[in-house]
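One structure is given here, and the rest of the page talks about it.
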Amino acid sequence: MGNNVSKNAKWYVVHTYSGYENKVKTNLEKIIENRSLENLILDIKVPTEDVVETKGEDKKVVTRKIFPGYVLIKMVMTDDTWYIIRNTTGVTGFVGPGSKPVPLTEEEVEALGVDVREVFAQYSVGDNVRIIEGAFVNQTGTVETINNETGKVGVKVVMFGRETSLELDINHVETF
Numbered sequence: 032m033g034n035n036v037s038k039n040a041k042w043y044v045v046h047t048y049s050g051y052e053n054k055v056k057t058n059l060e061k062i063i064e065n066r067s068l069e070n071l072i073l074d075i076k077v078p079t080e081d082v083v084e085t086k087g088e089d090k091k092v093v094t095r096k097i098f099p100g101y102v103l104i105k106m107v108m109t110d111d112t113w114y115i116i117r118n119t120t121g122v123t124g125f126v127g128p129g130s131k132p133v134p135l136t137e138e139e140v141e142a143l144g145v146d147v148r149e150v151f152a153q154y155s156v157g158d159n160v161r162i163i164e165g166a167f168v169n170q171t172g173t174v175e176t177i178n179n180e181t182g183k184v185g186v187k188v189v190m191f192g193r194e195t196s197l198e199l200d201i202n203h204v205e206t207f
């Protein structure tokens, strides 16, 4: 089977009973381990965000689910994996028309930020670069910082006669 199988893995969205998201994740992780399905079901996420809640004078940070009632699963869709997930306690079904699960598009996955691919800059601090995407497209500047962990690059550009530092995605700039 090899590693080629996991290249066919896509992100799917599974609907769960409200409040069961983490239980579904835990149950599936046990099933994957017990049945050695790591090459078919690669990742399970319950996306959360930290929010500051204010009650009177009190402020506290709470972690809340971004999509209550949903779990994201990166998997290779086969009859077996479909059946296993579909029959996991707490799962009500896959998201998609009828009973046909539809994988998320690359754009959706990127927008959700669930599949963090390591991106390495093809340039160095001090290099001159052109911005190839976003609001500052075609502007040129000098690389000040590169952070491969966050996938961000600091670029100094001259706008309106002033030097300005921008933080951009590593793949939104290229050398010229």
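Heads up: the sequence shown at position 126 corresponds to 157 in the numbering used here, and the numbers run straight through without jumps.
Ideal placement from N, C-alpha and C gives every residue a C-beta, glycine not left out.
(message) Considering only their Cβ atoms, is the gap separating K56 from V102 smaller than 8 Å?
(response) Against the sequence shown, residue 102 aligns to sequence position 71. Against the sequence shown, residue 56 aligns to sequence position 25. Contact flag set, yes.
(request) Sort E194, D74, N179 and A166 by Cα distance to T173 and report the nearest one. (result) The sequence position of residue 173 within the sequence shown is 142, counting from 1. Cα-wise, what sits closest to T173 is E194.
(message) Quick test of your reading: P134 and K76, contact by CB under 8 Å. State the CB separation rounded to the nearest angstrom.
(response) The residue you call residue 134 lines up with position 103 of the sequence shown. The residue you call residue 76 lines up with position 45 of the sequence shown. Incorrect: roughly 14 Å between the Cβ atoms, too far for contact.
(message) Rounded to whole angstroms, what is the Cα-Cα separation between I163 and V184?
(response) Here residue 163 refers to the residue found at position 132 of the sequence shown. Here residue 184 refers to the residue found at position 153 of the sequence shown. Straight-line Cα distance between these residues: approximately 13 Å.
(message) With a threshold of 7 Å on Cβ separation, who are the neighbours of E69 within its own chain once the five nearest residues in sequence on each side are excluded?
(response) Within the sequence shown, the letter at position 38 stands for residue 69. Within the same chain, E69 has close Cβ partners I63.
(message) Would you call the stretch 87–107 in contact with the stretch 43–52, where contact means no fewer than 3 C-beta pairs closer than 8 Å?
(response) yes
(request) Pull up the CB-CB distance for S155 and E175, whole angstroms please, since I reckon it's below 8 Å. (result) Residue 155 sits at position 124 when you count from the first residue of the sequence shown. Residue 175 sits at position 144 when you count from the first residue of the sequence shown. Contact doesn't hold; Cβ gap of about 11 Å is too wide.
(request) Tell me whether the beta-carbon of V160 lies closer than 8 Å to the beta-carbon of E205. (result) Position 129 of the sequence shown holds residue 160. Position 174 of the sequence shown holds residue 205. Cβ distance < 8 Å, so V160 and E205 count as in contact.
(request) Please name the residue in N178, N169 and P132 whose C-alpha comes closest to that of M190. (result) Within the sequence shown, the letter at position 159 stands for residue 190. Out of N178, N169 and P132, N169 has the C-alpha closest to the C-alpha of M190.
(request) Could you check which residue in I201, E198 and E52 has the C-alpha nearest to that of T123? (result) In the sequence shown, counting from the first residue as 1, residue 123 sits at position 92. T123 has its Cα closest to that of E52, out of I201, E198 and E52.
(request) Tell me, to the nearest whole angstrom, how far the beta carbon of Y207 is from that of V188; I am working on the premise that it is less than 8 Å. (result) Along the sequence shown, one-based indexing puts residue 207 at 176. Along the sequence shown, one-based indexing puts residue 188 at 157. One point to set straight first is that residue 207 is Phe, not Tyr, in the sequence displayed. Not confirmed; about 14 Å, so no contact.
(message) Here's the rule I'm using: 16 or more other beta-carbon atoms within 10 Å means buried, otherwise exposed. How should G192 be labelled?
(response) Working through the sequence shown from its first residue, we reach residue 192 at position 161. With fewer than 16 other Cβ atoms within 10 Å, it is exposed.
(request) Output the distance between the C-alpha atoms of M32 and D110, rounded to the nearest integer angstrom. (result) Within the sequence shown, the letter at position 1 stands for residue 32. Within the sequence shown, the letter at position 79 stands for residue 110. Caution is warranted here: a pLDDT of 43 is assigned to M32, below 50, making its placement in the model unreliable, and no coordinate value can be reported.
(message) Is the separation between the beta-carbon of V83 and that of R95 shorter than 8 Å?
(response) Position 52 of the sequence shown, counting from 1, holds the residue named residue 83. Position 64 of the sequence shown, counting from 1, holds the residue named residue 95. Against a cut-off of 8 Å, the Cβ pair of R95 and V83 comes out as no contact.
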